[in-house]
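If you count the sequence shown from 1, you need to add 12 to reach the numbering used here.
Written out below as C-alpha cells is the structure these notes cover.
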Amino acid sequence: MSHVGKISINHQVSSFVSGLKETIRTYVQVAAPLTLTEAVGLAKLHETKVLSQKRTSFSIGSRPLPIGPQPITVAKTSVRASTPPVKRLTGTEMQIRRENGLCFNCDEKSAPCIAAKDCF
Numbered sequence: 013m014s015h016v017g018k019i020s021i022n023h024q025v026s027s028f029v030s031g032l033k034e035t036i037r038t039y040v041q042v043a044a045p046l047t048l049t050e051a052v053g054l055a056k057l058h059e060t061k062v063l064s065q066k067r068t069s070f071s072i073g074s075r076p077l078p079i080g081p082q083p084i085t086v087a088k089t090s091v092r093a094s095t096p097p098v099k100r101l102t103g104t105e106m107q108i109r110r111e112n113g114l115c116f117n118c119d120e121k122s123a124p125c126i127a128a129k130d131c132f
C-alpha cells in the first residue's frame, strides 16, 4: 500500500480490513484499530487463534483421516421392522368398522382409541 500514493490511514485500515475473511474481519472491526500495523497484528493474532482451535479440535479424541479414496457404506435400516403394517381403508370401510366397533388395523372388536394400543 505504500506505493499507491497518499492514502489516509483510515482508508488504509478500512481497505485492509475489508479484504479479510469474515470471521477475522469481524474480530478486527470490533477492536477498532487506529493504524494499519494494529489491524495487521490483530488479524494475525485472530488467525493464529482460529488455526490453533481447529488443530486442537481435530486432534482431541479423533482418529487419523484415511488416505486415498474410501468406499462409502450405508447402513440399511428397515422402518417396517419396527412399525406394523398399516391397513389403508376407504371411507366406506372406515364407516362400517366404526358402526361395528371394529379396530381399524385388525378385526378385533374394540374402541378405536384402545385398538391402537392393542394392535401395536
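Cβ coordinates follow ideal geometry from the N, Cα and C atoms, glycine included.
CB of residue i within 8 Å of CB of residue j, strictly
i     : j     : result
Val40 : Ala51 : yes
Thr47 : Val25 : yes
Bridge partners - residue i, DSSP secondary structure assignment
i      : result
Lys121 : Leu114
Selection from the options that minimises the alpha carbon distance to residue i
i      : options                          : result
Ile36  : Ser30, Lys66, Phe116 and Ala55   : Ala55
Gly113 : Gln107, Met106 and Lys121        : Lys121
Lys33  : His58, Glu105, Arg100 and Thr102 : His58
Residue i classed as buried or exposed, judged by whether at least 16 other C-beta atoms fall within 10 angstroms
i      : result
Val29  : buried
Arg109 : buried
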